[in-house]
Structure formats: C-alpha cells, structure tokens
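Novice: My structure is below; once you've seen it, I'll send some questions.
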Amino acid sequence: MTQIFGEPITRREDARLTTGRGRFLDDLGRHALAAAFVRSPHAHARVREIDVTAALDVEGLIGIYTYDDLDGPLAEPLPLLIPHPTLTAGRTAYPLANGIVRHVGEPIAMVVGTDRYVAEDVAGLIEVTYEPLPPVVGLTASRDGDLLVHDDLPDNVAAHLMQQTGDVDAELAAAPNTVTFTQTIERSASMPLEGRGVYARWDAQDDSLRVYSSTQTSTSVRAAIAAKLELSPGKVEVIAPDVGGGFGVKIVHPWPEELLIPWAARLLDREVKWVEDRREHFISSAHERGQIQDITAGYDDEGRLLALDVRIWHDHGAYTPYGIIVPIITSTQLLGPYKPRAYRCAIDSMYTNTVIVTPYRGAGRPQGCFAMERTMDRIADALGLDRAVVRERNLIQPDEFPYDQGLTFQDGRPLIYDSGDYPESLRMIRELVGWDDFETVRSQAAAEGRTVGIGMACYVEGTGVGPYEGGHVQVENSGRVLVSTGLTSQGQGHETVFAQIVAQELGVPLDDVVVTTGDTRRFGYAVGTFASRAAVMSGNAVALAARNVRAKALRIAADALECSVDDLDIIDGVVQVKGDPSAAMALSTVAVLSNPLRYAFDNAARAATQFAPRADPLRAPVDEDDEPGLENRDYYSPIRSTFASGMHSAVVEIDRDTCETKILRYAVVHDCGNLINPMIVEGQIHGGVAQGVGGALYEVMHYDEHGQLLNASFMDFLMPYATEIPHIETAHLQTPSPLNPLGIKGAGEAGVIPGSACLASAIEDALGVRISAMPVSPSDLFELLATDPERTRRGSR
Amino acid sequence: MSEQHRSVTLTVNGRTHQFDVPVRRLLSDAIRHDVGLTGTHVGCEHGVCGACTVLMDGRPVRSCLLFAVSADGAAITTVEGLAAADGTRHPVQQAFTECHALQCGFCTPGFLTTIAAALEDNSHPSEEQAEEIISGNLCRCTGYQNIKAAVLRAAELKRAAG
Ligand code: FES
Ligand code: FES
C-alpha cells in the first residue's frame with residue numbers, strides 16, 4: 010500500500026481556487042436582494058430617534074428595519090455563548106441597537122434593497138438622533154472606573170478570574186531574587202481577506218430555510234438561527250461555502266447579520282444577502298490581544314523560576330458574547346514549557362467602548378507567551394546568563410510526561426501536557442539559528458557598522474480541545490468514497506488531509522475520496538474550527554469511521570469470497586486475498602453487496618450478483634446489529650487537549666538612523682506530533698509567523714479618545730506585505746500524542762504565538778533598550794533610544 | 096431618485112459582453128455580478144489588497160478602483176481567462192499548486208493575474224524581483240514565502256513551455 014498519510018501531497022482544493030471556480034459567499038445568490046446596515050458613528054450614545062423619511066423615496070428600497078421590528082427571541086440580547094462561573098457580569102448586544110450603542114459600528118438599522126448600492130444609499134439617508142455619552146476607551150480608562158460602559162456595572166469588570174498552583178506568596182518571600190515589571194500588548198485582529206457574509210433563502214412551501222454563511226461553525230449557526238427564529242433545526246440548513254480565511258473571528262456566532270438576514274428572507278419571502286465591507290469588518294466584527302500585564306517573578310541564582318505572580322487587565326471591548334475564553338487561555342498557557350514551583354494569574358476582563366474582543370489565531374496565547382518569555386529574558390539579564398541557558402534550566406523534562414500543571418484549561422479539564430521533548434526542541438532551535446555562534450555574527454556586523462540582535466521564545470499550545478467532532482465515510486456503488494465532517498474549512502486544506510487519512514485507513518486511491526466540510530445537510534453534529542482542533546478532532550473522527558467501514562468491507566468480502574477476514578487486505582480500492590490477487594473484488598462491488606436491494610438497476614448491481622453469497626434462509630438479509638450500506642459514522646471525543654509545542658528564534662537588524670527593524674532570519678522548531686501533510690503544516694506555520702510579525706511590528710488598532718477607530722482600512726492598518734515577512738526556516742520534531750489514534754496535535758495557531766516575545770527579545774538584544782510594549786514601531790524605538798533609563802545600566806551595544 | 100445608466104462593452108476573456116450599468120458601478124462589481132465571473136475577488140474596495148486585480152489590455156489594474164463605464168471598450172482578462180483554450184492551466188496556476196502558494200484562496204486570483212502579467216515582461220525574475228512582483232498584494236494566510244517560490248516556479252514552467 011502506498012503511503013499517503015504523512016506525505017506532502019498537493020491540495021485538491023487548488024484546482025478550483027486557482028481557476029476562479031471557488032464559491033465564496035458573495036459568489037452565491039447573484040439575484041438576491043442586498044442588505045446594508047446603519048451603524049453607530051458614536052462609541053457610546055443613546056439612540057433617541059430614527060427618522061427614515063428622507064430615505065423612503067429611493068428607488069429599489071424594499072425595507073428598513075430597526076429594533077422595534079424585532080420580536081420573540083430575536084428581540085432578546087444575543088446569546089452569551091460560553092458562560093463561565095467567573096463571568097459574573099456577562100453582557101451581549103441586541104441584533105439591532107435597543108436604545109443604546111456601546112461602540113462605533115454597532116448596528117442600528119438594517120436596510121434591504123434591490124442591490125447593495127441602493128441599500129447603502131438608503132442607509133445614508135436615514136437620520137439617527139443620538140445623545141452622545143462619554144466613552145470608555147482603553148484599559149487604563151476602564152480600570153479607573155470613572156466612566157462606565159454598562160451603567161449597572163460600577164467597575165467595568167466583566168469577569169475576575171484566577172488560576173493558581175503552589176504558594177506564590179511564600180515562594181516569592183523566600184526567593185533569593187525577584188523582578189517586577191509591567192508590559193502591554195496592543196489590539197490586533199484576525200482580518201481575513203474575505204469579510205463575513207450571509208446569504209439566506211426561504212422556501213415558503215416547505216417552511217424551511219437555507220443559509221450560507223462565511224463562518225467557522227455552520228452547525229452552531231444553524232442551532233442559533235433555529236432558536237432565534239423559532240424554527241425546528243430540521244428546517245434549517247447552514248452551509249459554509251469556500252471561506253476566505255477566518256483566524257478566529259468567524260467562530261463567533263450568531264453575528265447579528267446571521268440572524269437578521271435569514272429573518273428578512275423569511276419575512277420578505279425573497280433571497281437576501283449581506284456581504285461585509287472592509288470598514289464594517291474593522292468596526293463591527295471583532296479584535297483581540299489588548300492586555301496590560303503586571304509581573305513579579307522570584308528566581309534562584311541559577312535562573313530557576315520559583316514563583317510567578319501575574320496580574321492582567323484584559324480589554325474585552327463592549328460585550329462578551331464569546332465569554333472569557335481569551336483570558337482563560339492566557340492564564341493557562343502562560344506557563345509554556347516551564348515548571349515554576351508556584352504560579353498565580355489574576356485577570357480582570359474589562360469592558361471598554363470598543364469593538365468586541367474574541368479569539369484571533371493564538372487566542373490569548375501570544376499574550377501569555379509574551380509574559381513568560383520576557384520574564385525568562387529578565388532573569389537572564391539580571392543574572393548575566395545566556396537566555397537559552399535560563400530557559401533550559403526551567404524546562405519540563407521528557408520523562409516528566411504526562412505533566413500536570415495543576416490548572417484548569419479552557420475545556421474545563423485539567424491542564425496536563427500529554428507529550429513533548431522540550432530540551433530537544435531547544436537544542437534544535439539553537440542549532441538551526443546558530444544561537445551559540447551569534448556573538449561572532451554580532452561582532453562582524455558591528456565591524457560593518459550594523460546593529461543586530463537575536464531573540465528566542467518558546468511556547469506550548471493546547472490543541473484539539475473537545476468536546477467532539479464526527480466523521481462520516483461512505484463507499485458509493487461507483488467506488489467513490491464520500492467523506493464528510495461537520496466542522497468548516499477556511500484554507501487549512503481539509504479536503505486534502507481528511508482524504509489522505511481516509512485513503513490510508515481504507516486502502517483506496519486518494520483520487521477516489523471526496524471530502525465535504527461545514528455543510529449541515531451532510532453532517533449535522535459538530536462544534537467548529539478553532540483552537541487548532543480540526544485535524545485532531547475531525548481527522549481522528551474520519552479515521553475511526555474509515556476503520557469501521559474497512560472492517561465492514563472485509564466482513565462482507567470474506568462472506569462473498571468464502572474466506573476469513575484475516576486473509577484479506579484492501580489495496581487500491583480492491584479487496585484481495587493476501588498472496589492471491591486473483592481472489593479479489595472491488596470495493597465498489599462490496600458496496601453493492603452491502604445493500605441487499607430488490608432491484609438491480611445498474612451495471613454495478615448486476616456485476617455484484619456473481620459475488621452475492623447464497624442467501625441463508627434462516628438469517629435476515631440485514632442482521633439485527635447491522636445496517637445496509639457500506640458507510641459509517643463515528644465520533645472522536647478526547648479526554649482532554651493534546652499539547653503541541655515549539656520554539657522560535659529571530660535575528661534582527663535595526664537601522665540606527667531610521668530605527669526600522671529588519672528581520673534577517675526567522676527560525677522555527679515545531680512539534681505537532683505526527684504530520685498528516687508536512688507541506689500543509691509548513692504553510693500553517695508560515696502564515697502564523699507572518700501574523701506574529703504583523704502583531705510584533707506593525708498592527709495596532711488606533712482608537713482616539715472618542716472611541717473612533719482611526720485606522721479602519723487597509724491603507725492605515727499595516728498588515729504585512731511580502732516585503733515585511735522574512736524567509737522562515739523550519740525544523741520539525743515529532744512526539745506523537747498518546748491521546749488519539751493518529752498521534753497528531755494541532756498546528757493552526759502555533760506560528761503566531763511566540764512572535765511578539767521573540768522579536769521583542771531580539772530587538773532588546775540589538776539595542777539594549779527595554780522593550781515592554783508591543784507592537785514596537787520605529788518611532789517607539791527612537792523614543793526608547795532617547796529615553797530608556799535602564800539602557801545605560803545594561804550598557805548599550 | 097433614479098440613476099443614470101450607460102451601455103458598456105467589455106471583452107472579458109475573449110468574449111464580448113454589452114450591458115447597461117449605472118454609471119457608478121465598479122468594474123469589480125460589473126465583472127462579478129453583471130458578467131457573472133466571480134473569480135475576481137473584492138477584499139477591501141479601496142485599492143490596497145490587490146485581490147480584485149484583473150488585466151486590462153494586458154496591464155494589471157485594480158478593478159475596485161475603476162468604474163465599469165471607464166473600462167468601456169477594454170479587453171479584460173480575469174483569473175478565469177488565464178488557462179489555455181484547451182483548459183491547460185497557466186504556468187502560474189500550476190506553480191501555485193506545486194508550491195502550496197494558497198490556503199483560503201481568496202487573495203489568489205489577484206496574485207495570479209499580477210504574476211501572469213509580470214512574467215510577460217520578465218521571463219527570468221530573480222528572487223528579489225519575485226518579491227517585488229507580489230509586493231502590492233495582501234495575503235493573510237500564507238506568509239508569502241510559498242508565493243515567492245511560485246513566481247520563480249511559474250517562470251520556470253513558462254520558459255519550459257516556450
Ligand atoms: S479589492 Fe481592490 S484592491 Fe482590495
Ligand atoms: S490564501 Fe488566504 S488570503 Fe491569501
């Protein structure tokens with residue numbers, strides 16, 4: 010059997026995506042009505058009046074809807090998706106503003122027109138009278154508590170959560186050395202190239218709804234629509250078509266538009282579509298990252314971390330529809346590959362009058378990594394030790410797995426690392442980047458008048474969180490193998506990797522396997538694509554289903570060929586007697602035999618009759634514990650997450666005149682267990698690193714004091730182009746996960762996690778200035794060089 | 096209020112289309128919704144991402160920054176028109192698959208048209224030139240490394256094809 014699993018097979022998605030035959034949301038519903046939204050220009054205001062008079066004469070106007078038009082569950086606040094005991098003051102918005110708006114971009118009215126141009130004309134003519142209220146912008150303002158985002162919450166605190174292990178106070182008191190510092194990390198956003206979008210078709214005769222949404226979770230969108238529009242879930246189909254990137258923002262659901270567009274389609278009995286424009290994406294989708302971190306660390310003279318005490322203020326924006334997943338992840342993943350004796354992390358999740366904060370690739374981990382890795386650098390700096398050596402002394406050792414960190418992870422399960430080899434990873438990254446020879450590089454550069462520095466950062470990433478995913482595998486009479494899973498795809502190549510898994514497990518040619526994801530018509534139960542979970546969850550689920558199909562195929566074939574199951578193998582889609590290829594039958598024939606029909610209506614059925622075992626008159630045609638068809642549905646539900654890990658190292662050069670940072674080298678050692686398709690994993694790393702670089706050097710959401718997002722366009726929000734992203738050198742370590750049948754771990758988010766920590770470390774090393782706020786721009790560096798009080802003490806390089 | 100309409104004639108991928116459009120209709124919308132070729136994508140509608148790039152009389156243009164009426168009479172090539180008449184994919188389309196230069200594929204049509212045009216001018220781009228060629232297009236998925244590799248590979252395939 011040729012090896013398919015683990016091979017860098019090119020993607021089957023590409024044939025359509027490179028020829029313009031992809032089907033993204035806005036490629037559908039060419040004749041649908043178009044929706045546009047009136048959104049708040051104020052960060053905080055009461056909505057006094059909505060006057061539509063001037064808008065009514067626009068040709069092509071179909072309808073204008075405000076909160077007053079909503080009823081039933083749709084008129085209630087949007088669901089708080091992930092409640093948590095510490096989220097004592099969770100707040101969500103209404104689909105359309107109910108008298109008050111809490112961030113610029115909050116939807117107030119929906120317009121439906123014959124096309125988008127018309128709908129926007131109408132939206133522009135609707136006059137809304139506001140009573141502006143003072144906005145709370147930024148974490149410091151929120152923490153001060155002088156002004157309130159929700160007037161019933163006197164401290165702007167949504168949640169106060171705490172994770173701890175060991176006795177931090179005692180360890181800190183006893184520690185020979187301590188260091189205390191504060192650092193901040195700015196807001197950024199997922200920013201997929203395709204924004205959100207929804208297209209709905211109501212079938213009045215059938216009382217049913219079909220909705221297409223550019224989402225990371227079609228099954229949950231379906232459940233939300235059914236609940237909010239009071240429809241039976243069986244009457245709602247949700248399909249994620251080709252999705253142009255997600256990176257977290259599209260896991261949030263239901264977005265107001267995901268309810269309002271289907272609602273309008275039913276109300277009007279017409280097809281309705283809404284496609285988010287770029288400005289809307291900036292001001293009314295979601296951001297992430299913003300935190301202030303106060304850190305105190307106690308360590309011994311060898312650099313071993315004894316106690317870590319972290320206090321974090323997390324900017325959650327105006328509402329908490331996705332709960333407090335991001336700060337929970339920060340607080341638990343902060344520990345990385347290390348094992349301090351005692352750890353405490355207290356986080357206040359704060360409301361501000363800005364766009365909501367929900368997971369963006371990395372989901373709180375980059376912040377945690379920034380806290381921990383900068384602590385390691387501080388310790389090394391204070392003790393005059395090599396930064397790699399300090400890390401080495403703190404690593405969990407290979408013989409300590411499974412390693413229990415003593416905390417509770419985002420899935421509510423204990424934070425137990427399943428496997429890994431961190432010392433080997435460190436050895437590999439040192440070798441890959443040439444860490445130990447860097448002083449030579451530095452002095453050579455210095456001789457040429459160039460300023461260079463090197464940095465490093467390590468992370469552990471909990472991936473493949475539960476509760477479950479399912480897979481369905483079916484062999485058609487044609488021999489074609491249909492595979493489906495409920496979770497969605499946004500560029501991860503699932504059609505290829507799931508096909509690889511099934512082809513390998515079943516023993517069929519890759520080309521015979523066709524994969525469908527994110528379509529509730531094909532698979533109704535799923536959780537969604539987030540937390541680097543798709544390959545682990547659905548990958549294992551389709552593997553299990555394929556194994557079951559294989560077993561059934563062998564059983565049926567053994568019956569027909571009158572041999573034992575153990576004598577059979579499936580090779581290239583043919584069930585054969587081992588060592589006797591003449592005794593064989595195609596899997597397609599087995600498929601026909603699996604379904605004892607009365608009717609032989611095609612050639613496949615006729616061909617199969619020669620194999621049909623003589624009917625045993627004492628046995629039912631379909632056994633009690635059997636079912637017709639060569640297909641199976643199975644689920645994978647892990648006991649807990651599996652933990653991937655990695656280490657990054659970067660070499661930077663800083664231009665002394667312009668203070669510009671150029672990344673000369675970027676090295677990645679990555680361990681996500683067994684690789685299904687190394688080419689795709691590598692691609693995931695590249696993309697993650699690029700987003701890490703963006704977050705470290707360029708991307709920030711510039712809110713002014715009025716809560717206006719000043720850079721809400723691609724012109725002003727500096728997403729990296731090819732010219733900003735370095736060549737990425739990668740090396741893979743593979744420590745299989747013992748938790749799942751395929752031994753795999755997630756890979757989607759890893760690349761982004763250590764970016765800020767790694768580059769801060771490198772820049773600090775180059776310039777000798779303390780970097781405690783990310784991203785760091787040339788102007789920031791210029792300021793720091795002029796003013797950093799610590800710089801002389803550490804001696805500038 | 097009723098809008099002013101004009102008739103436009105566009106030759107898209109060798110086929111001539113004549114239709115009435117409101118004068119403010121963007122070329123990107125006309126291609127996607129009037130002509131019905133949805134391979135051209137819109138990522139920003141303000142000229143920065145390059146996803147909407149099409150070739151107008153052989154030169155790459157951002158179709159979100161042009162009105163359909165201002166393209167009247169032009170010959171447009173979209174991503175759907177890159178392949179040969181017999182369906183053989185353009186070298187750059189092949190190279191994108193080989194080098195894994197796309198993930199979600201949303202930015203891809205803009206890269207493909209941009210690179211295809213650049214290779215007409217420069218059949219032997221250097222690594223720096225490969226970066227330069229794609230430096231005006233945004234991709235949020237790939238980190239560009241494989242796209243740069245695909246530019247070089249596409250040039251190689253194109254040279255081999257003659
Ligand atoms: S859509 Fe035209 S440049 Fe972005
Ligand atoms: S492949 Fe997704 S934006 Fe480029």
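These protein sequences, in sequence, are chains A and B. The first sequence begins at 10 in my numbering and counts up one residue at a time. The second sequence begins at 96 in my numbering and counts up one residue at a time. Backbone N, C-alpha and C define an ideal beta-carbon position, used for all residues, glycine too. Bear in mind the structure is a predicted one, so any value in this text is a computation, not a measurement.
1) List, from N- to C-terminal side, the beta strand (DSSP E) runs of 3 residues or more that fit wholly inside the region 333-395 of chain A.
2) State whether the region 118-138 of chain B contacts the region 162-177 of chain B, with contact taken as three or more CB pairs (one from each stretch) at a distance under 8 Å.
3) Which residues have their C-beta within less than 6 Å of a heavy atom of ligand 1, listed in chain order?
4) What first and last residue would you give for the alpha helix (DSSP H) that runs through residue 688 of chain A?
5) Report the three-state DSSP secondary structure of residue 205 of chain B (helix, strand or coil).
6) Along the chain, which unbroken stretches of the alpha helix (DSSP H) at least 4 residues long are found entirely within the region 117-169 of chain A?
7) Would you say the region 316-323 of chain A touches the region 336-355 of chain A, given that touching needs at least three Cβ pairs under 8 Å?
8) Can you tell which of A:664, A:737 and A:713 has the C-alpha that lies nearest to the C-alpha of residue 787 of chain A?
9) On the criterion of 16 or more Cβ atoms from any shown chain inside 10 Å, does residue 637 of chain A qualify as buried, or is it exposed?
10) What are the boundary residues of the beta strand (DSSP E) that includes residue 671 of chain A?
11) With a threshold of 7 Å on Cβ separation, who are the neighbours of residue 211 of chain A within its own chain once the five nearest residues in sequence on each side are excluded?
12) Compare the C-beta of residue 544 of chain A against all C-beta atoms of chain B and say whether one is closer than 8 Å.
13) Closer than 7 Å by beta-carbon distance: list the chain A residues that pair up with residue 109 of chain B, in chain order.
14) Mapping the DSSP letters down to three states, classify residue 665 of chain A as helix, strand or coil.
15) Secondary structure at residue 120 of chain B, three-state DSSP: helix, strand or coil?
16) Could one say the Cβ of residue 39 of chain A lies closer than 8 Å to chain B's Cβ atoms, at least one of them?
17) If you reduce the DSSP assignment to three classes, tell me which class residue 244 of chain B lands in.
18) Using a Cβ cut-off of 7 Å, pull out every chain C residue sitting near residue 161 of chain B, in sequence order please.
19) Please determine whether the Cβ atom of residue 202 of chain A lies at a distance below 7 Å from any heavy atom of ligand 2.
20) Looking at residue 197 of chain B and ligand 2, is the gap between the Cβ and the nearest heavy atom below 7 Å?
21) DSSP puts residue 281 of chain A in a beta bridge; with which residues?
22) So which residues on chain B does residue 499 of chain A lean against when the C-beta distance must stay under 9 Å?
23) Just the C-alpha distance for residue 804 of chain A and residue 777 of chain A, rounded to the nearest angstrom, thanks.
24) Quick one: is residue 149 of chain B near chain A, going by C-beta distance under 8 Å?
25) Just verifying my parser: in three-state terms, what is the DSSP assignment at residue 803 of chain A?
26) Which bits of chain A does residue 203 of chain B rub up against, with CB to CB less than 7 Å?
27) Using DSSP's beta-bridge definition, name the partner residues of residue 2 of chain A.
28) If I follow the unbroken alpha helix (DSSP H) through residue 764 of chain A, where does it start and stop?
29) Any heavy atom of ligand 2 closer than 7 Å to the CB of residue 203 of chain B?
30) Which value, in whole angstroms, describes the spacing of the CA atoms of residue 322 of chain A and residue 47 of chain A?
31) Could you say which of A:486, A:128 and A:370 lies nearest to residue 617 of chain A if we only look at CA atoms?
32) Cutting at 6 Å between CB atoms, please list the residues of its own chain near residue 193 of chain A, excluding the five before and the five after it.
33) May I ask you to report which of helix, strand or coil DSSP gives residue 398 of chain A?
34) Can you find a C-beta in chain B that's less than 8 Å from the C-beta of residue 688 of chain A?
35) Please find out if some non-hydrogen atom of ligand 2 comes closer than 7 Å to the beta-carbon of residue 234 of chain B.
36) Can you list, in chain order, the stretches of the alpha helix (DSSP H) that have 4 or more residues and sit fully within the region 393-464 of chain A?
Specialist: With the given structure in hand:
1) At a cut-off of 3 residues, the continuous stretches assigned as beta strand (DSSP E) that sit fully inside the region 333-395 of chain A are 351-359.
2) Segments in contact, yes.
3) Qualifying residues come out as B:137, B:138, B:139, B:140, B:142, B:143, B:144, B:145, B:146, B:147, B:157 and B:159.
4) Unbroken alpha helix (DSSP H) run through residue 688 of chain A: 687-702.
5) Correct three-state label for residue 205 of chain B: helix.
6) Counting whole runs of 4 or more residues, the region 117-169 of chain A contains the alpha helix (DSSP H) stretches 125-134 and 148-153.
7) The region 316-323 of chain A, when compared against the region 336-355 of chain A, does touch it at the 8 Å Cβ threshold.
8) Ranking A:664, A:737 and A:713 by Cα distance to residue 787 of chain A puts A:664 first.
9) It is exposed - the Cβ of residue 637 of chain A has fewer than 16 other Cβ atoms within 10 Å.
10) Its beta strand (DSSP E) spans residues 670-680.
11) If we look at residue 211 of chain A and ignore the five residues flanking it on each side, its Cβ neighbours are 218, 274, 275 and 278.
12) With 8 Å as the cut-off, residue 544 of chain A does not count as an interface residue toward chain B.
13) Below the 7 Å Cβ cutoff, chain A contributes no neighbours of residue 109 of chain B, its closest Cβ being approximately 15 Å away.
14) Correct three-state label for residue 665 of chain A: coil.
15) Note: residue 120 of chain B maps to coil in three-state DSSP.
16) At least one beta carbon of chain B lies nearer than 8 Å to the beta carbon of residue 39 of chain A.
17) Residue 244 of chain B falls in the helix class under three-state DSSP.
18) This model lacks chain C altogether, as its protein chains are A and B.
19) Yes; taking the cut-off as 7 Å, the Cβ of residue 202 of chain A has a heavy atom of ligand 2 nearer than that.
20) Yes, the beta carbon of residue 197 of chain B sits closer than 7 Å to at least one heavy atom of ligand 2.
21) Answer is A:42 and A:209.
22) Correct list: 198, 199 and 236.
23) A caution first: residue 804 of chain A carries a pLDDT of 42, below 50, which makes its placement in the model unreliable, though a value can still be read off. A straight line joining the alpha-carbon of residue 804 of chain A with that of residue 777 of chain A spans about 7 Å.
24) Residue 149 of chain B is outside the set of residues whose beta carbon lies under 8 Å from a beta carbon in chain A.
25) Any reading at residue 803 of chain A needs caution, since the residue's pLDDT is 49, under 50, leaving its predicted position unreliable; the model's value is listed next. Residue 803 of chain A: helix per DSSP, three-state reduction.
26) The contacting residues are 26 and 27.
27) The structure shown does not extend to residue 2 of chain A, since chain A is modelled only from 10 to 806, so the question has no answer here.
28) Unbroken alpha helix (DSSP H) run through residue 764 of chain A: 764-776.
29) It does: the Cβ of residue 203 of chain B is within 7 Å (strictly closer) of some heavy atom of ligand 2.
30) Taking the straight line from one Cα to the other gives about 32 Å.
31) The shortest Cα separation from residue 617 of chain A among A:486, A:128 and A:370 belongs to A:486.
32) Excluding sequence positions up to five before and after residue 193 of chain A, its CB lies within less than 6 Å of the CB of 301 and 782, all in the same chain and listed in chain order.
33) Looking at residue 398 of chain A - three-state DSSP - the assignment turns out to be helix.
34) Cβ-Cβ to chain B under 8 Å: yes for residue 688 of chain A.
35) With a cutoff of 7 Å, residue 234 of chain B counts as near ligand 2, since its C-beta is closer than that to a heavy atom of the ligand.
36) The region 393-464 of chain A contains, as complete alpha helix (DSSP H) runs of 4+ residues, the segments 396-403, 431-442 and 447-456 (chain order).
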